[in-house]
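The structure under discussion appears below in the form of structure tokens.
Numbering (my numbering), first residue to last: 15 to 1169.
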């Protein structure tokens, strides 16, 4: 049966007399789960009976995790009976699920399976992204887990291996303990015994594989280490008593960091150093050495690729092992390759399975630095000694890999060095090292001259006796293998590039002329170097392989130019010129190859990606929350019409934002030269429920459709369901875009005209209008030449007609106000073009494109008109029955008609704005806003949040705004209310103080800088004459009459209160300075030292804590910065009798005085 929402099933055995049958699916000791979350744990289970499922998913232990919703743990389980089903069967598990939810540990099976998924390496257990460890199977068909023989099942070998490092004993088998012998291990201890190795053990406690047998009697003797030259010759452990190593390498054990190692820095953790996923050269320089030969020992390994990749299925040691430990003196290098991670694998876990993985051969290797540290602390992964020569007293030692592969990983631990000698015998060790480390590169398809040189060095090495000759040979032997392997990659890249050119050439039937013939010869004939082909033709180059990597890169460019020239000189109406675009699908290995990227306005978490999404379905590029331009220029073209076709969409904001009908104003554009067209809205090509094909043209299901590509991957990346009408899906990210584009959705074309042989094409987001969290996705660029084709002209006119109709719709539906003159001009030119000559049509198309291009600027102009109109009506609404109210309403009414009808040209609209900006009623006046005095209100106060017209500043002949304002008197209020704020407003632009803490107006400080936005100006009270200079962004306040000062200010700091008790920085009123008139304050303060410092500290606060004016109040006041007085200098030290001038209100400052 199937489990419910979570279960624990353990300690159960079905013997061979049992069987399980179903005419449906999901058969096993446990049938499985169906769309259920929770955790199912299966532990210590065995099934020796046969299992049958007529449809699918039969298995010995567990049928199927349908829907991949269950977290599944299977450990210490086995099956031996036959498993048979229609399809998708497994020896142990029929379907464990996807998404990393399944863990299978310490299990085995010898079941014969009928109906398994061939070719998917899923014989033992069908699972995607599962965690499998220490599992065994007898099937040699597909070795998903470690292979075990029937003999090893019976003789105790499997039982011992299942118990791993023997720290936890879960498997038992009677062998020779006098009980009935078990022919297989069982996960039960009742009546069954533990298995021990019987025979010779190695000194590190591991099994000697020669002659090992197993027993229920623990009779094991571990011998002593056999140390020689500092290391055990059996297990590799370092001799702690060896005195031959020199202490000249700094941080040789990588105990905590990568100090003293330079170059590409090591990542150090868990006592080891690592490099991962990149090329590197990390080294340390040592000086003041005795010349001669040294021996370097190093502990470490390299992993050439992911252990479960095809690279390790067909491991080619000489091509894949490319991490070297090296030494260099006076420019001469000696090097050896780091051992591969698989070379010192262990048949038992070294770290209890944590950070370890089991290889197909049953050995365990580390996968983390923590596990690597455990392996190395037990003496594993010591490399062969590197014999090196110091010739000038200096030495560089290091680790390098210049041929990085994906998922490559190199780890090192201890580094040791000792002196050997300076005689011929010592240098002969280096010569012999050249021979011993020779790599077999004869058959690789690399540069032949390099291979010949390397082979000659190896052949001559043993006969070398001269020191210089030995070191020259060692240096070349250390460097040439990388050069040869890099040349292999270069020839592969060259061949791939030529094959792409060949495919393009073969697919075309429009290439004609001498240049086309020359291209054909290069691609299909084997010709030696000549004037036309300086390096020979393609077939000659790959046959003889004399060119270096740099020469091959140049040869690719040469061949691409042959193709481009042939295409350009053969182009006719309708010719496909896509091959002239570099990286048209945005999927080159080099990101953005061929494209120039310019970034503009950005939002939070903005980014750009290349070759993204599900690239095997459809590679895409994208920009998120970013204004940008991606462009490429092509030259040497024939003049005429060109079409850029692409698949692209723009999402106007976050998921679900924007107009569902797809008519949003789109700032993203495809462009050809000066011609641009908006990218389609993401809603413009939505797919209905009826037409939706999951995994083909959309992705609405990421977990339940096993037939869909990438089912169970990126499960959060699914289409947005608009839930409108009959239902529609739209893509929402790069992964869903891959499927939408794969379904040929979002196809669009922009046409442009080339007049000087140059064409700039690409995509951009101009950023206006700005939609927060916007997303632009594109791919699959194609370029077509149309010359002066009448069909192309008609297509352009039809496209322009549709665009202008949409523009007209956007004006009224989205308040996208523009001048009607642009719409009229475009429609008139479309009508003219119907009967015009081709030359006239092209001219009219250019003029229409200019009208479209002018629309955003027109919208900005009309937006300014709208701002003025809205200001006029907002101001008028606050004026009751005044002449100014009538004037404001009249301005609004006039502007509303202009804006809605678009009756002014852009030039006329700008002239209208200029007139309004000098009109003394609206634009030629600045209104003071804030905590202002209103003689007509009951309390004399104007509401800060209400627009105010009481205090206008009029423009004078100098263009400055002048007038006066009276503020509310706040001098007797408390805390934050003891200040009146003010700012200036000119229509919808607000001007405030440019310095947020230097904004308090006092009789001594009345000149300030202003800015758009900023912080309010503040004052206690007063009536001021104001001069606001917006050309220079300054303002001056001139006090007209008396200023009502605070009746007291208050000292705070390190001082005693009135009772003589310490009061350190209390923000209250116990130490006042009384106002004596004209802004002078006097009082006595008892200062004391600031803790152990030889000075006293104090500051001044100019606000009350309570409006009740209680003398010596202990109520804490608000600590707002503008209430503080200070000096320009923080911690200004003053002395007794010193006068401190130029105090500033609004500075958080402290004075210091020595007693």
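Don't be surprised by glycine CBs; every beta carbon is placed ideally from N, CA and C.
Per DSSP, reduced to three states, the secondary structure at residue 295 is strand. Counting other Cβ atoms within 10 Å of its Cβ, residue 1068 reaches 16 or more and is therefore classed as buried.
Judged by pairs of C-beta atoms under 8 Å, the stretch 436-443 does not touch the stretch 456-474, as fewer than three such pairs exist. If you draw a straight line from the Cα of residue 1129 to the Cα of residue 735, it comes to about 59 Å. As for any alpha helix (DSSP H) of minimum length 4 sitting wholly inside the stretch 303-338, the runs are 324-327, 331-334, ordered along the chain. Beta-bridge pairing by DSSP links residue 449 to no other residue. Remark: C-beta atoms of residue 448 and residue 419 do not approach each other more closely than 8 Å. For residue 32, the secondary structure class from DSSP, reduced to helix, strand or coil, is coil. Contact between residue 711 and residue 665 fails: their C-beta atoms lie close to 18 Å from each other, not under 8 Å.
Closest in alpha carbon position to residue 143, among 170, 128, 117, 165, is 117. In the DSSP secondary-structure assignment, residue 692 is bridged to 683. Residue 1110 and residue 992 do not touch by the CB rule: their CB atoms are close to 27 Å apart, not below 8 Å.
Of the candidates 281, 186, 876, 278, 186 places its Cα closest to the Cα of residue 171.
Assignment of residue 785 by DSSP, reduced to helix, strand and coil, places it in the coil class. Looking only at 141, 1084, 980, 1032, the smallest Cα-Cα distance to residue 1055 is reached by 980. Looking at the DSSP output, residue 1169 bridges to nothing.
Close CB contacts of residue 486 within its chain, under the 8 Å cut and outside five residues either way in sequence, are with 346 (chain order).
Linking residue 762 to residue 854 through their CA atoms gives a straight-line distance of about 26 Å. In the three-state reduction of the DSSP assignment, residue 348 falls in the strand class, which pools E and B. Looking at the DSSP output, residue 139 bridges to 107. Taking the Cα positions, residue 949 is about 53 Å away from residue 779. Between residue 136 and residue 158, the CB-CB gap stays under 8 Å.
Taking each of 676, 1044, 988, 633 in turn and checking the Cα distance to residue 1063, the smallest one comes out for 988.
In the three-state DSSP reduction, residue 364 falls in the coil class, being neither helix nor strand. The C-beta separation of residue 77 from residue 108 comes to about 5 Å, placing the pair in contact by the 8 Å criterion. When DSSP states are grouped into helix, strand and coil, residue 717 belongs to the coil group.
Under a 10 Å Cβ-count criterion, residue 792 is classified as buried, with 16 or more other Cβ atoms of the shown protein chains found around its own Cβ. Assignment of residue 390 by DSSP, reduced to helix, strand and coil, places it in the helix class. Shown here, residue 1086 sits in a strand according to DSSP, grouped into three states. Annotation: the continuous beta strand (DSSP E) that includes residue 980 extends over 975-981.
The beta carbon of residue 1147 lies closer than 6 Å to those of 1166 in the same chain, with the five residues before and after it left out. Nearest C-alpha to residue 1131 among 1139, 1121, 1140: 1121. For residue 852, there is no enclosing beta strand (DSSP E); the residue is found in the alpha helix (DSSP H) stretching over 852-891. By the C-beta density criterion, residue 94 is buried, having at least 16 other C-beta atoms within 10 angstroms. For residue 767, the enclosing beta strand (DSSP E) begins and ends at 761-768. Only residues of its own chain outside the window of five on either side were considered, and among them 383 have a CB closer than 6 Å to the CB of residue 283, listed in chain order.
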